[in-house]
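Numbering-wise, the working numbering puts 85 at position 85 of the sequence shown, and it's gapless, one number per residue. No residue lacks a Cβ here, since even glycine has one placed at the ideal position from N, Cα and C. Everything below concerns the one structure shown next.
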Amino acid sequence: MPELPEVETVRRGLADRLSLFEIERVEVCRSRAIASSGGVDAFLVGLTGARVGTWSRRGKYLMAALEPDRGIWGVHLRMTGQFQWIEEPSTPCTHTRVRFWNPHGHELRFVDVRSFGEMWWVPPDVELTVGIPGLARLGPEPFSEAFNALYLKRQLKNSSRPIKTALLDQALVAGVGNIYADESLFSAGIPPLTPAGRLTLAQLERLRSSLVEVLTTSIGAGGTTFSDFRDLEGVNGNYGGQAWVYRRGGEPCRRCGTIIRRDKLSGRSTHWCPTCQG
Ligand code: ZN
1 MPELPEVETV RRGLADRLSL FEIERVEVCR SRAIASSGGV DAFLVGLTGA RVGTWSRRGK
61 YLMAALEPDR GIWGVHLRMT GQFQWIEEPS TPCTHTRVRF WNPHGHELRF VDVRSFGEMW
121 WVPPDVELTV GIPGLARLGP EPFSEAFNAL YLKRQLKNSS RPIKTALLDQ ALVAGVGNIY
181 ADESLFSAGI PPLTPAGRLT LAQLERLRSS LVEVLTTSIG AGGTTFSDFR DLEGVNGNYG
241 GQAWVYRRGG EPCRRCGTII RRDKLSGRST HWCPTCQG
């Protein structure tokens, strides 16, 4: 599943490729992909004829300003959603959900095998968090000042949830999923099962800075090699080669040689080193 670094990589690709992209035509191949009110009809009216402006990201949500003053185009890739940039006309695969063309016949294609990906059109007079309700529930961005050790201490007070589970909660911090939760806990030396409310301010500060560092490294590597993630040009990232624990269960820890453990926690695989995170 794409997490913050993968979504940020896609955002950068879209910003490069779609600069001044004029949406001449839109085809929705699967109506379920459109989640905004008014459904497919309103989406088509909203996007057709608009020019794609600045792309921004909030958690795992992508948003493009539509110009001139045509509202916002929102996208969530969910499990397997991906964009493809297509210059020569080609037959779409069966997993194609939405297609966009510019006047030069270039196509931006949204392909989604599992079909959980969603798109929204938010009209200019509608509040963004009303048009895309999931945005209202998001916690702070990991890179923001609002995300600090004191914030974590307050939010996690008396919580008996394992810290790994808490990190996956988008209301605590936006954009973190399984890969970067495991990697940042390793880097901070914190066992994933630790009840979140028991972590000290110093541990929480270590966790915050580890998370920021891990995310920054992965963004620099163009996202992960794991899952089905591909950027706009069909390339996956390079972060996998640098993973310390993620998907390394049964292998020796790169730092101390202890065998990496893989445990189920809240239905997700958790990878950790019992020595480095002792
Ligand atoms: Zn170790």
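Query	Result
Quick one: is the Cβ of R255 within less than 8 Å of any heavy atom of the ligand ZN?	yes
Going by C-alpha distance, which of L156, S159, F229 and G249 is nearest R114?	F229
Among R268, H271, A243 and G237, which one has its Cα closest to the Cα of G13?	G237
Mind checking D41: buried by the 16 CB within 10 Å criterion, or exposed?	exposed
Under the assumption that R206 contacts A188 (Cβ atoms under 8 Å), give the Cβ distance between them as a whole number of angstroms.	4 Å
Would you check whether the ligand ZN has a heavy atom nearer than 8 Å to the C-beta of T270?	no
Quick one: grab the DSSP three-state call for S31.	helix
In chain order, what residues of the same chain have a beta carbon less than 6 Å from the beta carbon of R101, not counting five sequence neighbours either side?	Per the sequence presented here, residue 101 reads as Trp, with Arg not at that position. Once the five neighbours on either side are set aside, the close Cβ partners of W101 are E24, R25 and E107.
Mind checking who S269 pairs with in its DSSP beta bridge?	K264
The alpha helix (DSSP H) that contains I163, what's its start and end?	I163 to L167
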